[in-house]
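Note sheet for the following structure.
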Amino acid sequence: MPELPEVETVRRGLLPHLEGARIARAEVRRPDLRWPMPPDLVQVMTGAVVTSLRRRSKYLLADLDRGGSVLWHLGMSGRMLVEGAGLAGFHRDPGVIARHDHVVLTTDAGTTITFNDARRFGMVDLIREGESHPLLDHLGPEPFDATFTPDYLAARLAGRRLPIKQALLDQKIIAGLGNIYVSESLWRAGIDPRSLSGGIDIARLTVLVGHIRDVLNDAIAAGGSSLRDHRQASGELGYFQHSFRTYDREGQPCLRDGCGGTITRIVQSGRSSFYCPDCQR
Ligand code: ZN
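For the sequence shown, this note's numbering gives the first residue as 33, with consecutive numbering after it.
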């Protein structure tokens, strides 16, 4: 499931092709993905200029000059493909099957932007002018917002007996984090994912806030370099190789200097947590 850095990478990859472009043609090839798509989606998008392409949490928002926005979520397997005559060298990964191309936009520059989603957990919806959207209404601050501070986190976690892992996955507390970057942030901060949220002191929360930002910045930077590589060969955006330090490393040595521990997997609320019992307390 793409988290904030993957969605931000997709946004940056689409930006030069979509922001400021007019959607000359829009095709919606099925009535639903995870949920039904708006029946007037094609009509609203056709002829509209995308005035800005934004990200909120794990969502992409394309603001339209006629008012309102298109809201996208990549789901589990959603990909954005950028293809066009002017994009020499781009080719489609043979594993990305055209049968799963669900929404296809062609800009006035002749670039085709395709939303391909094999598992169909993604979504496309419209936010009407002057309205909000229920999926965005209750989101907490972005990790890079000035309002996301150690004091904010302390106030939100005060008295909570919820494990810190679950608290950081709660999009109402902080937006955009998922299983991967929560595991990585807690490892960097040396905090046991089972620690009760309300019991973590402000000094440790300060360290944690810094590491959350660092881990996301590192992943966005990795996405950026993968984007440059992809541009040489493929129009596919959305997934790239990371070097995780704890996520998916069960049984492997802890990478913290001098630790000597072994990464362990536990299950919290039905989801895997990876951590080092020796240096995460
Ligand atoms: Zn360790």
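The C-beta atom is built at its ideal place from N, Cα and C for all residues, glycine as well.
Since this is a predicted model, take the numbers as computed values, not measurements.
In this structure, R151 sits near G107, with a CB-CB distance shorter than 9 angstroms. For the 9 angstroms CB-CB criterion, I205 and L185 form a contact. For G255, the three-state secondary structure derived from DSSP is helix. Counting only residues of its own chain and dropping the five nearest sequence neighbours on each side, Y307 has a CB closer than 8 angstroms to the CB of S215, L218, W219, D224, P225, T278, I295, T296 and I298. Any heavy atom of ligand 1 within less than 5 angstroms of a residue's beta carbon puts that residue on the list, which reads C286, R288, C291, G293, C308, D310 and C311. Contact check for I244 against L209 passes: the beta carbons are separated by less than 9 angstroms. Nearest C-alpha to R61 among R313, H134 and R281: H134.
In the DSSP assignment, A80 falls outside any beta strand (DSSP E), carrying neither H nor E.
Ranked by Cα distance from P173, the options L200, G283, I159 and G162 are led by L200. Straight-line measurement puts the Cα of S301 at about 32 angstroms from the Cα of V128. Across the structure, E51 and L168 are spaced so that their CA atoms are roughly 21 angstroms apart.
Between the alpha carbons of L47 and E115 lies a gap of roughly 14 angstroms. Note on the region 34 to 90: whole beta strand (DSSP E) runs with a minimum of 3 residues are 55 to 60 and 82 to 88, in chain order.
When the Cα atoms are used, A58 and L240 turn out to be separated by approximately 43 angstroms. According to the DSSP assignment, D310 belongs to no alpha helix (DSSP H), since it is labelled neither H nor E. Annotated as distal: G142 and P34, with beta-carbon spacing of 9 angstroms or more. Judged by beta-carbon spacing, S89 lies beyond the 9 angstroms limit of D95, meaning their Cβ atoms are not closer than that value.
In terms of CA proximity to D310, C286 leads the group L65, D64 and C286. Only residues of its own chain outside the window of five on either side were considered, and among them P182 have a CB closer than 6 angstroms to the CB of T238, listed in chain order. The beta carbons of D149 and I55 sit no closer together than 9 angstroms. Distance from M69 to V156 at the Cβ level is roughly 5 angstroms; contact confirmed, criterion being Cβ atoms closer than 8 angstroms. When D177, D97 and I232 are compared, the shortest CA-CA separation from R192 is found for I232. According to the DSSP secondary-structure assignment, P285 is paired through a beta bridge with T294. Secondary structure at V156: strand, using DSSP grouped into helix, strand and coil. For D133, the enclosing beta strand (DSSP E) stretches over residues D133 to T139. Residue pairing by DSSP leaves E163 without any beta bridge partner.
Of the candidates A221, A207, D250 and K197, K197 places its Cα closest to the Cα of S229. Beta bridge pairing from DSSP links S304 with V299.
Per DSSP, R188 lies in no beta strand (DSSP E) segment; the continuous alpha helix (DSSP H) that holds it begins and ends at P182 to L189.
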